[in-house]
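Student:
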Amino acid sequence: MIREVKRTVASGYLMLVVLAVAQLGLAYMIYLAGSAQNVAGVVVAVLASIIVLICWAGLFMVHPNEARVLQLFGKYVGTCHDPGLRWANPFYAKASVSVRVRNFESGKLKVNDANGSPIEIAAVVVWKVFDTAEALFEVDDYVNFVEIQSESALRNLGTTYPYEPHDDDGGLALRSNPAEISQALREEIQERLSQAGVTVIEARISHLAYAPEIANAMLRRQQASAIIAARKQIVRGAVGMVHLALDELDENDIVDLDEERKAAMVSNLLVVLCSDESAQPVLNTSTLYT
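Here this note's numbering is used: the first residue of the sequence shown is 93, the next is one more, and so on.
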């Protein structure tokens, strides 16, 4: 595996001055040799001028948050990260690699979750290149590699966890545990991209929904679950209020009720407290036991 080697190259501004002076000097030498009809001098000066012209090809620009990967006849010799005008061996091939932070948003993928329900899921991945040699030489196209592997990891994540928990098992779910799911997604993508010299800064789900063919059925199920949860809360509160009422009656010795009347009172209170409609008052003109 090829690892990045940082390489320091000469300042391009200094070499710009040196090459310009050398070019002018050699042009003057050619003029003098030609005036003196010195063939050997002309040939030497021309050859030197050609060498200087070739050296001009060694100048290259490095932009901020950009690196230039240097190769000599196919052999990797190093990476230049220093921004500005630089100069290196003119025979170096200088490939540009951006080390800026990038983001990639996957398309909406249709997968089956852990419970077999079809869902639509998409994600946003924030990444950057940290090893330019690996990014350029270990994979064919590192940008395309990031996109394909991110979607593959997203598909695997969608099939590993349920869309939402169906019981009280306390397991992770795509909808109810966004932080944990994002962390799991980032780690899986990073594991897949480690050989490409890419680091994943953040990965999070940007779209999550049931597939259209089951969306209505799942909506009804969610509504039913919400109604059941609300009913449980209402019943729990009503039982507590009835218990409090009976305790208050006993402690303050307001009225002495037998078990039958207590049961009737509990029944009436639960009906009043748990009913969807407002209770209608009824005036009892008889005694308690008639």
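Quick reminder that beta carbons are idealized off the backbone N, C-alpha and C, glycines included.
Would S127 and E158 be called neighbours here (beta carbons separated by less than 7 Å)?
Tutor: In this structure, E158 does not lie closer than 7 Å to S127 by Cβ.
Student: Going by the DSSP bridge assignment, what does H299 pair with across the sheet?
Tutor: Beta-bridge pairing links H299 to A214.
Student: Please classify S198 as buried or exposed, where buried requires at least 16 other C-beta atoms within 10 Å of its C-beta.
Tutor: Counting Cβ neighbours within 10 Å, S198 comes out buried, since at least 16 surround it.
Student: When the Cα of V161 is compared with those of L266, H173 and G332, which residue comes out closest?
Tutor: Of L266, H173 and G332, the residue nearest in Cα terms is H173.
Student: Please confirm if the segment 286–295 is in contact with the segment 221–232, defined as three or more CB-CB distances below 8 Å between the two stretches.
Tutor: Contact holds: three or more Cβ-Cβ distances are below 8 Å.
Student: For T224 and V154, what's the separation of their Cα atoms in angstroms?
Tutor: Spanning the two alpha carbons is a distance of roughly 14 Å.
Student: State the DSSP-derived secondary structure class of S141, mapped to helix, strand or coil.
Tutor: Helix at S141.
Student: Kindly give me the distance between the Cβ atoms of T171 and W219, rounded to whole angstroms, as I take these residues to be in contact under 8 Å.
Tutor: Wrong, their Cβ atoms sit about 19 Å apart, outside the cutoff.
Student: Thinking E280 and L249 are a contact (beta carbons under 8 Å), I'd like their distance in whole angstroms, please.
Tutor: Indeed they touch by this definition, with Cβ atoms about 6 Å apart.
Student: Compute the Euclidean distance between the alpha carbons of I211 and S242, then round it to the nearest angstrom.
Tutor: Cα to Cα, the separation comes out at about 18 Å.
Student: In the DSSP assignment, find the alpha helix (DSSP H) that holds G176 and state where it starts and stops.
Tutor: Where G176 is concerned, there is no enclosing alpha helix (DSSP H), although the beta strand (DSSP E) it sits in stretches over G176 to W179.
Student: If you draw a straight line from the alpha carbon of A355 to that of D205, how long is it in whole angstroms?
Tutor: Cα-Cα distance, rounded: 48 Å.
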